[in-house]
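Here the protein sequences come in this chain order: P and S.
Letter by letter, the first sequence follows residues 1 to 446 of our numbering.
Letter by letter, the second sequence follows residues 1001 to 1446 of our numbering.
See below for the structure under consideration.
Number of protein chains: 2
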Amino acid sequence: MSETQPQACDLLIEAGFVVPVEPHGVVLEDHAVAVSDGEIVSVAPVAEARRRFRPARVVARPEGALIPGLVNAHTHNPMTLLRGIADDLPLKVWLQQHIWPIEGAVIGPDFVADGVALAIAEMLRGGTTCCSENYFFPDVQAAVYKRHGFRALVGLPVIDFPTAWAKSDDEYFDRAGEVHDAWHDDGLIATAFAPHAPYTVNDANFERIRLLSDQLDVPVHLHLHETAQEVQQSIEQHGQRPIARLDRLGLIDERLIAVHMTQLTEAEIRLCAERGVSVVHCPESNLKLASGFCPACALERAGVNLALGTDGCASNNDLDMFGETRTAALLAKAVAHDAAALDAFAALRAATLGGARALGFGDRIGSIEPGKQADLACVDLSALETQPLHHVVSQLVYATGRHQVSDVWIAGKPKLQQRELVDMDMAGLVANAKQWRKRIAAIRTS
Amino acid sequence: MSETQPQACDLLIEAGFVVPVEPHGVVLEDHAVAVSDGEIVSVAPVAEARRRFRPARVVARPEGALIPGLVNAHTHNPMTLLRGIADDLPLKVWLQQHIWPIEGAVIGPDFVADGVALAIAEMLRGGTTCCSENYFFPDVQAAVYKRHGFRALVGLPVIDFPTAWAKSDDEYFDRAGEVHDAWHDDGLIATAFAPHAPYTVNDANFERIRLLSDQLDVPVHLHLHETAQEVQQSIEQHGQRPIARLDRLGLIDERLIAVHMTQLTEAEIRLCAERGVSVVHCPESNLKLASGFCPACALERAGVNLALGTDGCASNNDLDMFGETRTAALLAKAVAHDAAALDAFAALRAATLGGARALGFGDRIGSIEPGKQADLACVDLSALETQPLHHVVSQLVYATGRHQVSDVWIAGKPKLQQRELVDMDMAGLVANAKQWRKRIAAIRTS
């Protein structure tokens, strides 16, 4: 070994700890990750990596833990501009008297572009490198994610009534097709169908989605079994619980990204496991809207692929995947009546590889393995708040704040360096958010 | 007014927003707080305050929200040195195979002093200015809190078996009396009896505590109805639920600081309200140990004084009162099946004035009112993560990270200035924590 010539690489990240996520349950001390052409080429002890590689750039973080970039598997990022606009209200009042009227007045390409840009900055500063987006104007979203080099699965909305995005069923599908075609071979951006929810999409539209998602080979991203009322309403209207109805329509399969899932029978959990459905658990949104408790531990133990999402900022009110992962790990124990439920390693896996698999990106991201894209986050564990460091992954899940994220890379490109955004103008983003506050305040008082 | 001479004061804090907590539900824009001799002397619009006062020092935070310092109403701060040492385990395994053996090997004045110092730094950096401490060696704790100018209610432990602190019932009470006498007229430190729990303290000791707490006029700080097992065991052993047993012993009154309270009947909630019991809700600890759900909203609506605590770092794993307040506000909604439960203002009140009242400090701290001690925290809301700023208190509770705390004062003395600890050596604290990690790792492998 020692006689071979060192191999050139673009970047060598030397970290106090590497948590690869795959294999599961492992913390590698003093390891380095070599990156070339946006891909991870090696994970090895620092001393060995220094012999084997001739990197163009070295980043040394001796007190840092390198983890896969976090995957926010369910969000509505344009709504970041509505953060905290109407809290502590019953769901109906919140939607009908606040969110919908405001959205009605502001929605459009500008609102979507500005909200997504603000969200990207927030996500990067918190170690998130990929998200599954669910909102109107996916064409605008995709362009903004691409411009900032952020990885995203962009949802193509389908809903039974006219909106600013489309006026008819045909228009929803036509526009969906256009956005899919524009991005289907992109390295960072992919698309999914995003029927809003069982109570806002009719059977014919679900059937059309099933056909097209098969044909185009894209996932289906759907709010499902979010509340008891949703289930009850479906029984009244369709004579079936939503999962049974979707099964009849052929949608309960490995393409399905089922979001929320707070109302599940044991049979439904088994069905999801058998069919390879991914469940996106959004614990903070479920708590805040009093929707119910997703049985995260039971799902995980049944073999269901579990992912985590923050939901939108109007119902959370942040895009903090560290906070969401902590809440998921804590809540799972209380819901399962078992302090060993969803342990720190399992929670971190849900926030990374689980999300990647849900989005159909499992072969590309979600773990630190050679051949995968270098979507990485480095967390500074030297802070007083994560000392003493008895257990790296416990500290990451139960004690770390997102502001401890020091560096972020997407496909090997630096996006955050020592807490500084590399290619975004933070002051400009904040100034723009303040403009939106004024504009929305004017709408509300008019 | 304009002709009167300006009045001298020590400090004028000008803030973009002042959230006084009392009166409830109020946000004062562009207000200033004047401080003299450690006390708040005025809360007034900035322009008016500039006319009325001639301050020795001015601190201007135009994008900051000034709130009362947070009160952590239940913690075991020496255990900060055990942060993350054993997570994701059933309670019995956690205590018997991990926490107790490690404590047995390390407990003593050094461990207590070093753990408390680390905790004080963490609390200050997170906007907490007062805590209710519950651990052994209260003499050491009190001295460390006093040295660092931190406000604390120090628990005087009573437990039915010998520990490093005391070997017999009499020794527990003798030492309690000594610590109480040493601190009973201090401006920052006060004491409370801290019987460990109903299942570890016998009737005779509870009776002695009742007599002495009346005589000395000090609160009683007690883990109570933490788990269903505790309640069941009490029924088997005493023929009564713990609250009923304590009522028989005369302890259900306004002196009682009842911690956890996850198992409550409606009659017990009413009893607590009638008797003026304060309940300390520790949501993250309850979730992590799968103890159950405290009915925080029902307690608050019944008129019970609600406080919040982080519990110790071995079961949380941080002293983050911003995180705890957010979790309390979120969880209360799911538990009450009501998205309007424990709103942001109510949650912030529990984290400040509720805690102050529970500890018997309600006339001194917990709100920003003239005559109260100047225990204050300023939160920088200009960060991207709290923009746009549609609602100050929603942002504080649902979106703010504790690292956004810019400044902290206790009794008017600056403790944190622009994120820097004023009189603590952070590097030294971290280095010391690392030494403890090594020492504890050596114990575990020996």
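Note that the Cβ used here is the ideal one computed from N, Cα and C, for glycine as well.
Just so you know, these numbers come straight off a predicted model, no measurement behind them.
Taking a Cβ-Cβ cut-off of 9 Å, the neighbours of Q1395/S in chain P comprise R83, G84, N317, given in sequence order. Under the three-state reduction of DSSP output, K167/P falls in the coil class, being neither helix nor strand. If you look at H1238/S, you'll find it in the alpha helix (DSSP H) that goes 1228–1238.
Contact annotation for R1437/S against chain P: P388, L389, H390 [CB-CB distance below 7 Å, chain order].
Under the three-state reduction of DSSP, I1013/S is assigned to strand.
Annotation: K1415/S has no Cβ neighbours in chain P at a cutoff of 8 Å; minimum Cβ distance is about 14 Å. As the crow flies, the alpha-carbon of M321/P is around 14 Å from that of G1323/S. For L66/P, the closest of D407/P, V304/P, L416/P, R439/P by C-alpha to C-alpha distance is D407/P.
Assigned with DSSP and collapsed to three states, C294/P falls in coil, not helix or strand. Remark: C-beta atoms of V220/P and L256/P approach each other more closely than 8 Å. Rounded to whole angstroms, the gap between the alpha carbons of E1039/S and R1364/S is 9 Å. Each residue's CA atom was taken as its position, placing D1343/S and A314/P some 15 Å apart. DSSP places V1393/S in the helix class (H, G or I) of the three-state scheme. In this model, R1208/S and Q1233/S are separated by some 23 Å (Cα to Cα). The DSSP-derived three-state label of Q1007/S is strand. Taken in chain order, the members of the stretch 89–100 of chain P whose beta-carbon sits within less than 8 Å of a beta-carbon on chain S are L89, P90, L91, W94.
With a 10 Å radius around the Cβ and a threshold of 16 neighbouring Cβ atoms, S132/P comes out buried.
Looking from the CA of W100/P, the closest CA among L82/P, E268/P, D110/P belongs to L82/P. Around the C-beta of F345/P, 16 or more other C-beta atoms lie within 10 Å, and the residue is accordingly described as buried. For L28/P, the enclosing beta strand (DSSP E) covers residues 28–36. Legend: CB atoms of the stretch 354–384 of chain P lying less than 9 Å from CB atoms of chain S belong to residues S382, A383, L384. The way I'd put it, the stretch 106–116 of chain P doesn't touch the stretch 171–182 of chain P; fewer than three beta-carbon pairs between them come closer than 8 Å. For L308/P, the enclosing beta strand (DSSP E) stretches over residues 305–308. Going by C-alpha positions, G1412/S is about 7 Å away from D1375/S. In the three-state scheme derived from DSSP, where H, G and I count as helix and E and B as strand, R1061/S is classed as strand.
In the DSSP assignment, Q1435/S falls within the unbroken alpha helix (DSSP H) covering 1426–1445. Within its own chain, the residues whose Cβ lies closer than 7 Å to the Cβ of N316/P, once the five positions on either side in sequence are excluded, are E284, S285, K288, T310, listed in chain order.
Rounded to whole angstroms, V1405/S and A49/P show a C-alpha spacing of 40 Å. Contacts between N1286/S and chain P, judged by CB atoms closer than 8 Å, involve A334 in chain order. In the displayed model, G355/P falls within a helix according to three-state DSSP.
At least 8 Å separates the beta-carbon of S394/P from that of D1214/S. In this structure, A1164/S places its C-beta atom within 8 Å of the C-beta atom of F1136/S. Taking the C-beta atoms as reference points, G126/P is found no nearer than 8 Å to Y1398/S. Separation of the CB atoms of L1389/S and R437/P is rounded to 6 Å, and the pair is thereby assigned contact status at 8 Å. Residues I1269, A1273 of the same chain have their beta carbon placed closer than 6 Å to that of A1302/S, with the five preceding and five following residues left out of the count. With distances taken between CA atoms, S382/P lies nearest to P62/P out of V46/P, V144/P, V18/P, P62/P.
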